[in-house]
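Peer 1:
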């Protein structure tokens, strides 16, 4: 009975000591933080549909983080889109999973190299976007209105339209330290999108038709329905206002 009691005592102490050691190693090797931040994406100012807005991120565990960005969309000022007006909004949401937080390569590259890689906070994420905007212009040479009953064609008309764009993508990224409060995030990925356009002020009985254009790779006109692959990219400036 005494031997059993001694064995139980030794096993209990060994278990406690091992747990403390594991917790100590985890604390030492964990580079992630619980943090909240706001962002600004300067590249969005140069997009075909110029976007001005801000984002918010919350990393609530060592691995998991959610991010959202809301922007006002308008006609670009850096180049001519050949449209009269454009305005709307874009909402972007992401779930991010951070990996390589306790990275151990097959080849020993040194602790400093491992620490530096982990501090980049590399992540893979799933992104969903919704963009809704209104635009107006005059009928272009490739666009015309036709009456489905009489066959009459109108080639001189100012139209108003709305577009809804839905897209999803897989995104990879990481952050580079500027100082204790600021970081620079670079992210990019690939996905698919779908755009549907509806015209609002057409004369009764008329429908919109496009003049057939050459086949092959081309960027769809703003008034065309389209679907296909898309590339996403961003360089965001991040300001951290809370860290634990």
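In my numbering, the protein residues as written are 975 to 1218.
A virtual CB, placed ideally from N, CA and C, is assigned to each residue, including glycine.
(1) Under DSSP, the beta strand (DSSP E) around residue 1039 begins and ends at which residues?
(2) List the DSSP bridge partners of residue 1021.
(3) Can you grab the Cα-Cα spacing for the pair residue 1017 / residue 1074, in whole Å?
(4) Thinking C-beta only, is residue 1058 closer than 7 Å to residue 1212?
(5) Going straight from the alpha carbon of residue 1028 to that of residue 1183, what length do you get?
(6) Count the other CB atoms, across all protein chains shown, that sit within 10 Å of the CB of residue 1132; report buried if there are 16 or more and exposed otherwise.
(7) Quick one: what's got a C-beta closer than 6 Å to residue 1207's C-beta in the same chain, skipping five residues either side?
(8) So, under 8 Å CB-CB, residue 1021 and residue 1068 are touching, yes? Tell me the CB distance rounded to an integer number of Å.
(9) Measuring only the C-alpha atoms, how far is residue 1165 from residue 1066?
(10) Pull up the distance between the alpha-carbon of residue 1115 and that of residue 1056, whole angstroms please.
(11) Which residues in the same chain as residue 1015 place their Cβ atom closer than 6 Å to its Cβ, once the five residues preceding and following it in sequence are excluded?
(12) Answer yes if the segment 1145-1164 comes into contact with the segment 1118-1136, meaning at least three C-beta pairs across the two stretches below 8 Å, and no otherwise.
(13) Considering Cα atoms alone, identify which of 1008, 1053, 1047 and 1046 is closest to residue 1034.
(14) If I'm right that residue 1128 touches residue 1119 with Cβ under 8 Å, what's the distance once you round it to whole angstroms?
(15) Can you look up residue 1070 in the DSSP assignment and give me helix, strand or coil?
(16) Return the CA-CA distance between residue 1202 and residue 1193, expressed in angstroms with no decimal places.
(17) Return the CA-CA distance between residue 1107 and residue 1044, expressed in angstroms with no decimal places.
(18) How would you call residue 1109, buried or exposed, if buried means at least 16 neighbouring beta carbons within 10 angstroms?
(19) Kindly indicate which residue of 1026, 1025 and 1103 has the alpha-carbon position closest to the one of residue 1204.
(20) Is the separation between the beta-carbon of residue 1031 and that of residue 1046 shorter than 7 Å?
(21) Just verifying my parser: in three-state terms, what is the DSSP assignment at residue 1192?
(22) Could you spell out where the beta strand (DSSP E) holding residue 1116 opens and where it closes?
(23) Just verifying my parser: in three-state terms, what is the DSSP assignment at residue 1206?
(24) Which same chain residues, not among the five before or five after residue 1218, have their C-beta less than 6 Å away from its C-beta?
Peer 2: Here's the rundown:
(1) Residue 1039 sits at position 65 when you count from the first residue of the chain shown. Segment 1038-1048, the beta strand (DSSP E) holding residue 1039.
(2) As a first step, residue 1021 must be located in the chain shown, where it is residue number 47. None, per the DSSP bridge assignment.
(3) Along the chain shown, one-based indexing puts residue 1017 at 43. Along the chain shown, one-based indexing puts residue 1074 at 100. The straight-line gap from Cα to Cα measures roughly 28 Å.
(4) Stepping through the chain shown from its first residue, residue 1212 is reached at position 238. Stepping through the chain shown from its first residue, residue 1058 is reached at position 84. No; because the gap between Cβ atoms is not below 7 Å, this pair is not in contact.
(5) Against the chain shown, residue 1028 aligns to sequence position 54. Against the chain shown, residue 1183 aligns to sequence position 209. Each residue's alpha carbon lies about 38 Å from the other.
(6) Working through the chain shown from its first residue, we reach residue 1132 at position 158. Label assigned to residue 1132: exposed.
(7) Within the chain shown, numbered from 1, the residue matching residue 1207 stands at position 233. So the qualifying residues of the chain are 1162.
(8) Mapped onto the chain shown, residue 1021 falls at position 47. Mapped onto the chain shown, residue 1068 falls at position 94. 18 Å between Cβ atoms; not a contact.
(9) Translated into positions along the chain shown, residue 1165 becomes position 191. Translated into positions along the chain shown, residue 1066 becomes position 92. Their Cα atoms are separated by approximately 14 Å.
(10) Taking the first residue of the chain shown as position 1, residue 1115 is located at position 141. Taking the first residue of the chain shown as position 1, residue 1056 is located at position 82. So the two alpha carbons sit approximately 12 Å from each other.
(11) The residue given as residue 1015 occupies position 41 in the chain shown. Closer than 6 Å at Cβ, skipping near neighbours: 1208 and 1210.
(12) no
(13) Here residue 1034 is taken as the residue at index 60 of the chain shown, counted from 1. The candidate whose alpha carbon is nearest that of residue 1034 is 1008.
(14) What you label residue 1128 is simply residue 154 of the chain shown in a count that begins at 1. What you label residue 1119 is simply residue 145 of the chain shown in a count that begins at 1. Sure, about 4 Å apart at Cβ, within 8 Å.
(15) What you label residue 1070 is simply residue 96 of the chain shown in a count that begins at 1. Note: residue 1070 maps to strand in three-state DSSP.
(16) Translated into positions along the chain shown, residue 1202 becomes position 228. Translated into positions along the chain shown, residue 1193 becomes position 219. C-alpha separation (whole angstroms): 11 Å.
(17) The residue you call residue 1107 lines up with position 133 of the chain shown. The residue you call residue 1044 lines up with position 70 of the chain shown. Answer to the nearest angstrom: the Cα atoms are 14 Å apart.
(18) Sequence index remark: in the chain shown, residue 1109 carries index 135 (1-based). Flag for residue 1109 reads buried.
(19) Start at 1 with the first residue of the chain shown, and residue 1204 comes out as number 230. Comparing alpha carbon positions, the residue from 1026, 1025 and 1103 closest to residue 1204 is 1103.
(20) Against the chain shown, residue 1031 aligns to sequence position 57. Against the chain shown, residue 1046 aligns to sequence position 72. In this structure, residue 1046 does not lie closer than 7 Å to residue 1031 by Cβ.
(21) For the purposes of this step, residue 1192 is identified with residue 218 of the chain shown, where counting begins at 1. Under the three-state reduction of DSSP output, residue 1192 falls in the coil class, being neither helix nor strand.
(22) In the chain shown, the residue the question calls residue 1116 occupies position 142. No beta strand (DSSP E) contains residue 1116, which DSSP labels as neither H nor E.
(23) Here residue 1206 refers to the residue found at position 232 of the chain shown. DSSP places residue 1206 in strand when its eight states are reduced to three.
(24) To locate residue 1218, count along the chain shown from 1; it is residue 244. Excluding its 5 nearest sequence neighbours in each direction, residue 1218 has C-beta neighbours in its own chain below 6 Å: 1008, listed in chain order.
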